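J.: For the sequence shown, position 157 (counting from the first letter as 1) is numbered 189 according to the numbering used here, and the numbering increases by one without interruption.
Quick reminder that beta carbons are idealized off the backbone N, C-alpha and C, glycines included.
Remember, predicted model here, so these are calculated numbers, not experimental data.
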Amino acid sequence: MDQQDGVFNCFLADETETVAMGSKLSSCIHDGAVIFLHGDLGAGKTTLTRGVVQGFGHTGKVKSPTYTLVEPYELDSQNVYHFDLYRLADPEELEFMGIRDYFENNSVCLIEWPEKGAGMLAQADLEITMEYVDNARRITIMANSQSGKTIINKLKND
Numbered sequence: 033m034d035q036q037d038g039v040f041n042c043f044l045a046d047e048t049e050t051v052a053m054g055s056k057l058s059s060c061i062h063d064g065a066v067i068f069l070h071g072d073l074g075a076g077k078t079t080l081t082r083g084v085v086q087g088f089g090h091t092g093k094v095k096s097p098t099y100t101l102v103e104p105y106e107l108d109s110q111n112v113y114h115f116d117l118y119r120l121a122d123p124e125e126l127e128f129m130g131i132r133d134y135f136e137n138n139s140v141c142l143i144e145w146p147e148k149g150a151g152m153l154a155q156a157d158l159e160i161t162m163e164y165v166d167n168a169r170r171i172t173i174m175a176n177s178q179s180g181k182t183i184i185n186k187l188k189n190d
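(1) For Ile184 versus His70, is the C-beta spacing smaller than 8 Å?
(2) Identify whether Phe115 lies in helix, strand or coil by the three-state DSSP scheme.
(3) Looking at the structure shown, is Glu124 part of a helix, part of a strand, or coil, going by DSSP?
(4) In three-state terms, what does DSSP make of Pro104?
(5) Using a threshold of 7 Å, is the CB atom of Leu44 nearer than that to any non-hydrogen atom of the ligand NAP?
(6) Count the other C-beta atoms from every protein chain shown that fall within 10 angstroms of the C-beta of Ser109, then say buried if there are 16 or more, exposed otherwise.
(7) Take Glu127 and list the residues in its own chain whose beta-carbon comes closer than 7 Å to its own, dropping the five residues that flank it on each side.
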């Protein structure tokens, strides 16, 4: 684990640890957040998102919104929106779907392939990069705002 200010690193051995990390991350978010998820196909972005959504109390299935672009989870404790922009042809499409409405003050927006929505997305509080390391995954979480730093500090102290 890296103790650099505003950065959190660790290794995740498998899917169970990835879901657990997502759940742990959700317990550190109290005022909403915009989270960009980076990584190759199959790196664990959707699995991590499943942990976040379940951490906020969702009990059903968590699927990747590859074709719908967004999957909303309006929960008692939190509105969580999972975006997958992999198939987005033009960032302008996000304007037509009302992207700005999703970035409410208290919502959590998890965005896979955020580079595809350049210029249309709110600034990320956290940028998460997931990468393969042998049979495990390395996760790096970087803060881009004061809110992001607060979340990382909570994550480090849990």
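T.: If we stick to the structure as given:
(1) No, these two residues do not count as a Cβ contact at 8 Å.
(2) strand
(3) helix
(4) strand
(5) For the ligand NAP, the structure offers nothing, since it holds no ligand at all.
(6) exposed
(7) Result list for Glu127: Met152, in chain order.
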